[in-house]
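Worksheet for the structure shown next.
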Amino acid sequence: MSSNLKIRRICEHCGHEFIAKTTVTRYCGDNCAKKAYKLRGRKLQMTDSNSESLSFIPSRVKTSDNYFELKTFDYLTVKESAKMLKCDPRTIYNMISVGKLKAINLAERKIRILKKSIDDLFDDPVNIEEVRNRNSLITKCPPLKDCYSIGELLNDFKLSNYTIKNLIETFNIPKYSKGKFVFIPKKAIDPILMNLIEQSQEF
1 MSSNLKIRRI CEHCGHEFIA KTTVTRYCGD NCAKKAYKLR GRKLQMTDSN SESLSFIPSR
61 VKTSDNYFEL KTFDYLTVKE SAKMLKCDPR TIYNMISVGK LKAINLAERK IRILKKSIDD
121 LFDDPVNIEE VRNRNSLITK CPPLKDCYSI GELLNDFKLS NYTIKNLIET FNIPKYSKGK
181 FVFIPKKAID PILMNLIEQS QEF
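Okay, here's the thing in C-alpha coordinates:
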(Lines of atoms letter the chains of each structure in order from A and count residues from 1; the text may use other names and numbers.)
(Lines give C-alpha, C1' and ligand atoms only; values in the text may rest on other atoms or scores of the structure.)
Protein backbone atom coordinates (compact mmCIF):
# COMPACT_ATOMS: atom_id res chain seq x y z
CA MET A 1 0.00 0.00 0.00
CA SER A 2 1.28 3.48 -0.77
CA SER A 3 2.01 5.60 2.29
CA ASN A 4 0.99 8.70 0.31
CA LEU A 5 -2.71 7.73 0.43
CA LYS A 6 -4.90 10.15 2.42
CA ILE A 7 -8.21 8.58 3.34
CA ARG A 8 -10.81 10.13 5.61
CA ARG A 9 -12.19 7.58 8.06
CA ILE A 10 -14.09 7.43 11.38
CA CYS A 11 -12.27 5.85 14.32
CA GLU A 12 -14.12 2.70 15.38
CA HIS A 13 -13.30 3.35 19.02
CA CYS A 14 -13.68 7.08 19.72
CA GLY A 15 -15.83 8.01 16.70
CA HIS A 16 -13.65 10.95 15.60
CA GLU A 17 -12.73 11.59 11.99
CA PHE A 18 -9.08 11.12 11.02
CA ILE A 19 -6.83 10.78 7.99
CA ALA A 20 -5.95 7.11 7.48
CA LYS A 21 -2.65 6.16 5.88
CA THR A 22 -3.94 2.81 4.60
CA THR A 23 -7.28 1.40 3.46
CA VAL A 24 -7.41 -1.02 6.42
CA THR A 25 -6.72 1.47 9.21
CA ARG A 26 -9.55 1.28 11.79
CA TYR A 27 -8.39 3.57 14.59
CA CYS A 28 -7.12 7.13 14.76
CA GLY A 29 -4.02 6.21 16.75
CA ASP A 30 -2.23 3.70 18.95
CA ASN A 31 -4.14 4.83 22.04
CA CYS A 32 -7.56 3.99 20.52
CA ALA A 33 -6.21 0.77 19.02
CA LYS A 34 -4.98 -0.41 22.46
CA LYS A 35 -8.25 0.55 24.17
CA ALA A 36 -10.26 -1.26 21.50
CA TYR A 37 -8.06 -4.34 21.91
CA LYS A 38 -8.62 -4.38 25.68
CA LEU A 39 -12.37 -3.92 25.19
CA ARG A 40 -12.50 -6.88 22.79
CA GLY A 41 -10.61 -8.96 25.35
CA ARG A 42 -13.08 -8.10 28.11
CA LYS A 43 -16.06 -8.93 25.88
CA LEU A 44 -14.48 -12.27 24.97
CA GLN A 45 -13.91 -13.10 28.64
CA MET A 46 -17.52 -12.23 29.49
CA THR A 47 -18.81 -14.40 26.63
CA ASP A 48 -16.71 -17.37 27.80
CA SER A 49 -17.85 -16.84 31.40
CA ASN A 50 -21.53 -16.73 30.41
CA SER A 51 -21.18 -19.88 28.30
CA GLU A 52 -19.53 -21.69 31.20
CA SER A 53 -22.28 -20.60 33.61
CA LEU A 54 -25.04 -21.69 31.25
CA SER A 55 -23.49 -25.15 31.03
CA PHE A 56 -24.29 -25.67 34.73
CA ILE A 57 -27.96 -24.66 34.38
CA PRO A 58 -30.12 -27.76 33.85
CA SER A 59 -32.26 -27.68 30.75
CA ARG A 60 -35.67 -26.28 31.52
CA VAL A 61 -38.39 -28.89 31.48
CA LYS A 62 -42.08 -28.10 31.39
CA THR A 63 -43.67 -28.87 34.72
CA SER A 64 -46.34 -31.00 33.10
CA ASP A 65 -43.63 -33.34 31.69
CA ASN A 66 -41.56 -33.67 34.86
CA TYR A 67 -42.89 -36.55 36.94
CA PHE A 68 -40.70 -35.83 39.96
CA GLU A 69 -41.76 -32.19 40.11
CA LEU A 70 -45.40 -33.19 39.82
CA LYS A 71 -45.01 -35.47 42.82
CA THR A 72 -44.25 -32.43 45.01
CA PHE A 73 -47.40 -30.48 44.09
CA ASP A 74 -50.62 -30.53 46.12
CA TYR A 75 -52.85 -29.72 43.16
CA LEU A 76 -52.55 -30.75 39.52
CA THR A 77 -54.17 -29.86 36.22
CA VAL A 78 -56.04 -32.47 34.19
CA LYS A 79 -53.10 -32.77 31.81
CA GLU A 80 -50.61 -33.19 34.66
CA SER A 81 -52.82 -35.82 36.31
CA ALA A 82 -53.00 -37.71 33.03
CA LYS A 83 -49.19 -37.61 32.85
CA MET A 84 -48.90 -39.08 36.33
CA LEU A 85 -51.38 -41.88 35.64
CA LYS A 86 -50.16 -42.36 32.05
CA CYS A 87 -53.66 -42.12 30.63
CA ASP A 88 -55.73 -39.92 28.35
CA PRO A 89 -57.05 -36.61 29.80
CA ARG A 90 -60.58 -37.79 28.94
CA THR A 91 -60.11 -40.60 31.45
CA ILE A 92 -59.34 -38.01 34.12
CA TYR A 93 -62.51 -36.07 33.27
CA ASN A 94 -64.53 -39.29 33.55
CA MET A 95 -62.97 -40.13 36.92
CA ILE A 96 -63.83 -36.66 38.20
CA SER A 97 -67.42 -36.96 37.03
CA VAL A 98 -67.93 -40.29 38.81
CA GLY A 99 -66.25 -39.08 41.98
CA LYS A 100 -63.08 -41.13 41.69
CA LEU A 101 -60.95 -37.98 41.81
CA LYS A 102 -61.48 -34.91 43.96
CA ALA A 103 -61.32 -31.71 41.94
CA ILE A 104 -62.43 -28.11 41.96
CA ASN A 105 -63.26 -25.91 38.99
CA LEU A 106 -61.69 -22.47 39.52
CA ALA A 107 -62.99 -21.20 36.19
CA GLU A 108 -63.56 -22.38 32.66
CA ARG A 109 -60.82 -24.89 31.83
CA LYS A 110 -59.27 -24.30 35.26
CA ILE A 111 -59.83 -27.65 36.95
CA ARG A 112 -57.46 -28.47 39.79
CA ILE A 113 -57.18 -32.00 41.16
CA LEU A 114 -56.08 -32.88 44.68
CA LYS A 115 -52.94 -34.98 44.23
CA LYS A 116 -53.72 -36.95 47.36
CA SER A 117 -56.85 -38.09 45.56
CA ILE A 118 -54.64 -39.68 42.91
CA ASP A 119 -52.59 -41.44 45.58
CA ASP A 120 -55.80 -42.63 47.26
CA LEU A 121 -56.96 -44.30 44.06
CA PHE A 122 -54.79 -47.26 44.96
CA ASP A 123 -56.48 -47.59 48.36
CA ASP A 124 -59.99 -46.74 47.15
CA PRO A 125 -62.62 -48.81 48.99
CA VAL A 126 -64.81 -48.81 45.85
CA ASN A 127 -63.31 -51.42 43.55
CA ILE A 128 -64.69 -50.69 40.08
CA GLU A 129 -64.28 -54.23 38.76
CA GLU A 130 -65.90 -55.71 41.83
CA VAL A 131 -68.89 -53.37 41.55
CA ARG A 132 -69.22 -54.06 37.80
CA ASN A 133 -69.29 -57.80 38.42
CA ARG A 134 -71.86 -57.44 41.20
CA ASN A 135 -74.09 -55.23 39.06
CA SER A 136 -73.93 -57.67 36.16
CA LEU A 137 -75.79 -60.16 38.37
CA ILE A 138 -78.84 -57.88 38.47
CA THR A 139 -80.80 -59.19 35.53
CA LYS A 140 -84.38 -58.35 36.51
CA CYS A 141 -85.80 -54.94 37.29
CA PRO A 142 -86.47 -54.68 41.04
CA PRO A 143 -89.75 -53.18 42.31
CA LEU A 144 -89.90 -49.48 41.43
CA LYS A 145 -89.78 -48.58 45.14
CA ASP A 146 -86.26 -50.05 45.12
CA CYS A 147 -85.18 -47.91 42.16
CA TYR A 148 -84.28 -44.30 41.43
CA SER A 149 -85.59 -42.58 38.37
CA ILE A 150 -83.11 -40.50 36.36
CA GLY A 151 -85.07 -37.44 37.47
CA GLU A 152 -84.54 -38.32 41.14
CA LEU A 153 -80.79 -38.67 40.59
CA LEU A 154 -80.73 -35.30 38.82
CA ASN A 155 -82.79 -33.46 41.45
CA ASP A 156 -82.19 -35.23 44.77
CA PHE A 157 -78.47 -35.96 44.34
CA LYS A 158 -77.67 -32.94 42.14
CA LEU A 159 -75.99 -35.13 39.53
CA SER A 160 -75.66 -34.04 35.92
CA ASN A 161 -76.78 -36.15 32.98
CA TYR A 162 -73.12 -36.48 32.02
CA THR A 163 -72.18 -37.81 35.47
CA ILE A 164 -75.07 -40.27 35.53
CA LYS A 165 -74.10 -41.54 32.08
CA ASN A 166 -70.49 -42.04 33.20
CA LEU A 167 -71.54 -43.81 36.40
CA ILE A 168 -73.73 -46.21 34.43
CA GLU A 169 -70.94 -46.97 31.94
CA THR A 170 -68.10 -47.14 34.47
CA PHE A 171 -69.84 -49.37 37.00
CA ASN A 172 -71.96 -51.37 34.54
CA ILE A 173 -75.15 -50.23 36.28
CA PRO A 174 -78.30 -51.76 34.78
CA LYS A 175 -81.11 -49.44 33.77
CA TYR A 176 -84.73 -50.21 32.95
CA SER A 177 -87.31 -48.32 30.94
CA LYS A 178 -90.87 -48.09 32.16
CA GLY A 179 -92.94 -46.02 29.78
CA LYS A 180 -91.08 -42.74 29.26
CA PHE A 181 -89.08 -43.09 32.49
CA VAL A 182 -85.71 -44.78 33.08
CA PHE A 183 -85.01 -46.45 36.44
CA ILE A 184 -81.78 -47.45 38.18
CA PRO A 185 -81.73 -50.12 40.94
CA LYS A 186 -80.86 -48.54 44.29
CA LYS A 187 -78.84 -51.61 45.19
CA ALA A 188 -76.54 -51.00 42.22
CA ILE A 189 -75.94 -47.29 42.66
CA ASP A 190 -76.32 -46.60 46.41
CA PRO A 191 -72.74 -47.69 47.36
CA ILE A 192 -71.36 -45.42 44.64
CA LEU A 193 -73.53 -42.49 45.71
CA MET A 194 -72.44 -42.96 49.34
CA ASN A 195 -68.82 -42.85 48.25
CA LEU A 196 -69.45 -39.65 46.26
CA ILE A 197 -71.13 -38.02 49.27
CA GLU A 198 -68.31 -39.01 51.63
CA GLN A 199 -65.69 -37.66 49.26
CA SER A 200 -67.52 -34.35 48.84
CA GLN A 201 -67.80 -33.96 52.63
CA GLU A 202 -64.10 -34.69 53.14
CA PHE A 203 -63.16 -32.16 50.47
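In the numbering used here, the protein residues as written are 1 to 203.
Ideal Cβ positions, reconstructed from N, Cα and C, are used throughout, including at glycine.
Computed from a prediction, not measured in an experiment: that's the story for all the values here.
- In the structure shown, the three-state DSSP call for K178 is strand.
- Secondary structure within the region 92–132: the alpha helix (DSSP H) runs of 4 or more consecutive residues, fully enclosed, are 115–120 (chain order).
- Note that the region 154–170 does not touch the region 105–121; fewer than 3 beta-carbon pairs, one per stretch, sit closer than 8 Å.
- In the three-state scheme derived from DSSP, where H, G and I count as helix and E and B as strand, P185 is classed as strand.
- In the DSSP annotation of this structure, the continuous segment of the beta strand (DSSP E) that includes S149 starts and ends at 147–149.
- Distance check between T23 and each of I138, K35, I7 places I7 closest, using alpha-carbon atoms only.
- In this structure, the beta-carbon distance from K116 to D74 falls below 9 Å.
- Contact holds between the region 95–106 and the region 159–177, because three or more Cβ pairs, one in each stretch, are under 8 Å apart.
- Boundaries of the alpha helix (DSSP H) around I164: 161–170.
- The DSSP-derived three-state label of Y37 is helix.
- Pairing P185 with D146 gives a Cβ-Cβ distance under 9 Å.
- The Cβ neighbour count for L76, taken over all protein chains shown within 10 Å, is at least 16; the residue is labelled buried.
- With contacts defined by Cβ atoms closer than 9 Å, H13 and A33 form a contacting pair.
- Excluding its 5 nearest sequence neighbours in each direction, T163 has C-beta neighbours in its own chain below 6 Å: S97, listed in chain order.
- Membership of E80 in any beta strand (DSSP E) is not indicated; the residue belongs instead to the alpha helix (DSSP H) covering 78–85.
- In this structure, A103 lies away from L85, with their beta-carbon atoms at least 9 Å apart.
- In its chain, beyond the 5 residues on either side, P174, P185, K187, A188 have a beta carbon closer than 8 Å to the beta carbon of I138.
- I192 carries a helical assignment under DSSP once its states are collapsed to helix, strand and coil.
- No residue range can be given for I138, since it is assigned to no beta strand (DSSP E) and is classified by DSSP as neither H nor E.
- The three-state reading of DSSP puts E12 in coil, since its state is none of H, G, I, E or B.
- Counting the other Cβ atoms within 10 Å of the Cβ of E80 gives 16 or more, which makes it buried.
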